[in-house]
Amino acid sequence: MSKDSILVINCGSSSLKFAVINPTTEEEKINGIAERMNSSEAVLNWKINGEKGSLPLGQAAHEAALEAIVGLLREEGLMASISAIGHRVVHGGEKFSQSCLVTDEVLQAIEDGTKLAPLHSPANLAGIRAAQKIFPGLPNVVVFDTAFHQTMPAEAYLYPIPYSLYKDHGVRRYGFHGTSYRYVGQAAADMLGLDINDSNLVVAHLGNGASACAIKNGKSIDTTMGLTPLEGLVMGTRSGDVDPNLFNFLNKTLGYTLDEATDMLNKKSGLLGLSEMDSDCRVIQEAAAQGNEHAQLTLDVFCHVLAEKVAGFAAAMGKIDALVFTGGIGENSSVIRKNVLERLSIFGFKLDEKLNDETFRGKSGVITQEGSTVAMVVATNEELMISRDTQALTA
Ligand code: ADP
């Protein structure tokens with residue numbers, strides 16, 4: 041069997057997603073997720089050739105989960121096809137503007153940056169170290185969520201707070217979802233026949249986490265997420281932008297501690313907090329469709345914030361060749377897309393209702409009428425992008 045595939049790993053604190061992908065043919069041979077790790081309900085679920093499988097993992101942490109995945113890959117005869125491992129790493133700070141091969145220095149730099157992503161970086165490091173141990177002969181590559189945004193100009197990444205906080209402590213906007221933006225930006229330009237190096241795109245990645253990015257000539261020039269993924273758009277459970285004085289108000293008037301306020305803004309806000317229903321956009325959409333006015337208001341807040349950010353980015357670029365929707369909501373919700381485009385009619389968007397309604401479940405394409413400023417859907421594929429980078433750096 042030829043070594044034509046990459047094992048892609050995405051480690052969270054309690055989950056480990058994996059896929060085996062041939063970056064040349066784009067074939068995904070298997071994908072799966074180990075969930076609820078470090079609990080007695082830890083379980084490995086996977087899909088291969090359209091069939092699903094499942095295996096309880098006991099109390100597995102990252103290394104044990106990866107060992108179970110290796111056992112599965114052996115059983116399925118896929119181990120011999122793997123030439124390298126690509127890891128998604130959430131925070132690369134200012135050190136990493138590109139993907140790179142894992143070395144001791146790279147591991148140290150990720151470790152040094154842990155203060156910027158205290159929840160994610162330790163899990164990412166645990167995944168890399170487990171892979172080094174379990175696959176001693178294979179190279180590892182790290183692909184950073186923040187790297188694509190390192191092209192932002194200082195005027196876009198600096199916060200108007202004492203400059204020493206940036207200089208001495210790295211407090212600035214970093215942005216996330218960079219791997220998705222790199223993939224979606226290039227795919228959108230290809231589909232529209234545009235030269236990415238001479239294009240003005242706004243991409244909205246709307247999943248449980250949501251952000252938008254202004255991509256000028258293939259480079260990120262601004263994005264909505266900040267020092268952490270809390271800033272910017274309304275998300276599933278994250279608030280996005282609020283008045284920073286809210287912390288003080290909650291503490292002084294309601295007795296919230298710093299941790300309680302942080303937890304509320306990250307885990308109990310956004311679609312979930314505002315709707316008092318669910319973080320899942322589908323549930324809120326269904327309620328709104330049945331006449332629930334509060335559900336409709338929640339969707340309107342989501343779209344109001346998004347439209348404002350898109351408008352700001354388009355104005356800053358001076359031109360918009362296309363607004364691109366991606367992520368679970370962006371790829372599937374014709375309702376959200378319609379709502380947002382109506383708010384942006386000043387930019388010349390004219391929705392094609394039929395195309396909009398027909399575009400979901402992994403379908404990509406334009407959703408506006410002939411003669412309109414282009415809005416489109418591109419199904420993102422971060423795993424494929426990670427496999428491509430890994431192949432390029434290890435070939
Ligand atoms: P993550 O950020 O965790 O990768 P996804 O990109 O999978 O998340 O997006 C999850 C979101 O996509 C959820 O809010 C879900 O409700 C939404 N979504 C999925 N399908 C639809 C749909 N048909 N209509 C509206 N929203 C959808």
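Numbered as in the working numbering, the sequence shown ends at 435 without a single skipped number.
Using N, Cα and C, we set each Cβ at its ideal position, and we do this for glycine too.
Taking C-beta separations shorter than 6 Å and ignoring five residues to either side along the sequence, the partners of G249 in its chain run P269, M275, following chain order. Residue side-chain check: I407 keeps its Cβ at 8 Å or more from all non-hydrogen atoms of the ligand ADP. Across the structure, G280 and L97 are spaced so that their CA atoms are roughly 35 Å apart.
Taking 8 Å as the cut-off, one finds at least one heavy atom of the ligand ADP near enough to the beta carbon of I369. Residue M416 holds the alpha-carbon nearest to the alpha-carbon of E371 among V282, E316, M416, P202. Nearest Cα to D283 within the set L305, D299, E300: L305.
The beta carbon of Q190 sits no closer than 8 Å to any heavy atom of the ligand ADP.
Across the structure, Y214 and S404 are spaced so that their CA atoms are roughly 28 Å apart.
Exclusion of the five residues before and after A163 leaves C51, G52, S53 as the residues of its chain whose Cβ lies within less than 6 Å of its Cβ.
Taking 9 Å as the cut-off, the beta carbon of V183 is found no closer than this to the beta carbon of H217. For R212, the closest C-alpha among the options A329, G225, E195, T219 is that of E195.
Residue range 203–209 is occupied by the alpha helix (DSSP H) that includes K207. Note: C140 is bridge-paired with V182 in the DSSP secondary-structure output.
DSSP places S45 in the strand class (E or B) of the three-state scheme. K378 and L141 have their C-alpha atoms roughly 42 Å apart. For E67, the enclosing beta strand (DSSP E) has its first and last residue at 67–75.
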